[in-house]
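So the structure is just underneath, and the comments pick up after that.
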Amino acid sequence: MTPQVHRALDCLAPALPVGSKVFLFGSQAEGRQRNDSDLDLFIVEPSVEDRLAESIRLSSLLGRQLIAADVVVQDRKTFERQRAIPNTLAWHVFLHGIPYGIER
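Residue numbers (this note's numbering): 5 to 108.
So, in structure tokens, the structure goes:
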């Protein structure tokens, strides 16, 4: 785990519901990042009322710590369904992402 990923997880952990999972995907997960690469984070929460609002909330938390990241949030039920559908983001993240459980 890179220091940047560690900082991001430390920042997000207190803000996420118990049982959430964070996946790192994209260039950082695939080992093709550059010095200026941001983090691509796919966050699965037990339930989410407003995905966009939650993505913005979590992105703002990271931004306040000067952590550049793209954040996508999805509820667990949708993720479980979509991860089996080829070419969806959930499918790609499930196959190629690096999962991090949030322990509290």
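Just so you know, even glycine gets a beta-carbon here, dropped at the ideal spot from N, CA and C.
Check: Quick check: the segment 7-17 against the segment 80-87, are there 3 or more CB pairs under 8 Å?
Finding: Too few Cβ pairs lie closer than 8 Å, so no.
Check: Out of S31, L93 and A19, which has the shortest C-alpha to C-alpha gap to R61?
Finding: Within the sequence shown, the letter at position 57 stands for residue 61. Ranking S31, L93 and A19 by Cα distance to R61 puts A19 first.
Next item on the list: If I'm right that V77 touches V52 with Cβ under 8 Å, what's the distance once you round it to whole angstroms?
Entry: By one-based count along the sequence shown, residue 77 stands at place 73. By one-based count along the sequence shown, residue 52 stands at place 48. Your pair V77 and V52 checks out as a contact, with CB atoms roughly 6 Å apart and the cut at 8 Å.
Check: Quick one, which of W95, P103 and T6 has its alpha-carbon nearest N39's?
Finding: In the sequence shown, counting from the first residue as 1, residue 39 sits at position 35. Here the closest residue by C-alpha is T6.
Note to self: Please report the straight-line C-alpha distance between S64 and A73, rounded to a whole angstrom.
What the structure shows: Residue 64 sits at position 60 when you count from the first residue of the sequence shown. Residue 73 sits at position 69 when you count from the first residue of the sequence shown. Distance between S64 and A73, taken at the CA atoms: about 10 Å.
Checklist line | Neighbourhood of R108 by C-beta distance below 7 Å, restricted to the same chain and skipping five residues each side | finding: Taking the sequence shown and counting its residues from 1, the one referred to as residue 108 is at position 104. At R108, the pLDDT of 45 sits below 50, so the modelled position is not reliable and the matter cannot be decided from this model.
Note to self: Based on DSSP bridge pairs, tell me the residues matched to E49.
What the structure shows: The residue given as residue 49 occupies position 45 in the sequence shown. Note: E49 is bridge-paired with D79 in the DSSP secondary-structure output.
Next item on the list: Select from F46, P50, D42 and I89 the residue whose C-alpha is nearest the C-alpha of G67.
Entry: Within the sequence shown, numbered from 1, the residue matching residue 67 stands at position 63. Checked all of F46, P50, D42 and I89; the closest Cα to G67 is D42.
Next item on the list: Measure from the alpha carbon of L28 to the alpha carbon of each residue in G35, R36 and F46, then state which is nearest.
Entry: To locate residue 28, count along the sequence shown from 1; it is residue 24. Closest in C-alpha terms to L28, from the list G35, R36 and F46, comes F46.
Next item on the list: Within 10 angstroms of the Cβ of E34, are there 16 or more other Cβ atoms? Answer buried if so, exposed if not.
Entry: The residue given as residue 34 occupies position 30 in the sequence shown. E34 should be labelled exposed.
Check: For I102, which residues of its own chain have a beta-carbon under 6 Å away from its beta-carbon, when the five flanking residues on both sides are left out?
Finding: Translated into positions along the sequence shown, residue 102 becomes position 98. Taken in chain order, the residues that qualify are L28 and A33.
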